[in-house]
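So in our numbering, spot 26 of the sequence shown is number 69, and the numbers just go up one at a time. Every residue, glycine too, gets a C-beta built ideally from N, C-alpha and C. What follows is a set of notes on a single structure, which appears directly below.
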Amino acid sequence: GVPCDQTQPYFMDVDPTHPFYKHIQKLKETGITRGCRQDPPMFCPDSYVTRDAMAVFLYRAFGP
């Protein structure tokens, strides 16, 4: 499993019962994602990830 520190959801649209909840929480904790909206904080789990957004995720995860 993926341990995460936050017990409350970071994103309003990702419920703790979501199958990837812990993984999404970890993406936020490690700074890989900031979500799709900030106010209110949303992840948009049903949206497609664009090519440029994936490039940013990979850069944040693995560095230059």
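Problem - Identity of the residues DSSP links to MET85 by a beta bridge - result: As a working note, residue 85 is residue 42 in the sequence shown. When beta bridges are read from the DSSP output, MET85 appears opposite ARG80.
Exercise for the section: Starting from PHE54, follow the alpha helix (DSSP H) in both directions and report where the run begins and ends. Expected result: Position 11 of the sequence shown, counted from the first residue, corresponds to residue 54. DSSP places PHE54 in no alpha helix (DSSP H); its state is neither H nor E.
Exercise for the section: Could you check the C-alpha separation between PHE100 and GLN51 for me, to the nearest Å? Expected result: Here residue 100 refers to the residue found at position 57 when the sequence shown is read from its first residue. Here residue 51 refers to the residue found at position 8 when the sequence shown is read from its first residue. A direct Cα-Cα distance of roughly 23 Å separates PHE100 from GLN51.
Problem - Distance between PRO107 and PRO83 (C-alpha atoms, nearest Å) - result: Working through the sequence shown from its first residue, we reach residue 83 at position 40. Working through the sequence shown from its first residue, we reach residue 107 at position 64. Taking the straight line joining both Cα atoms gives about 31 Å.
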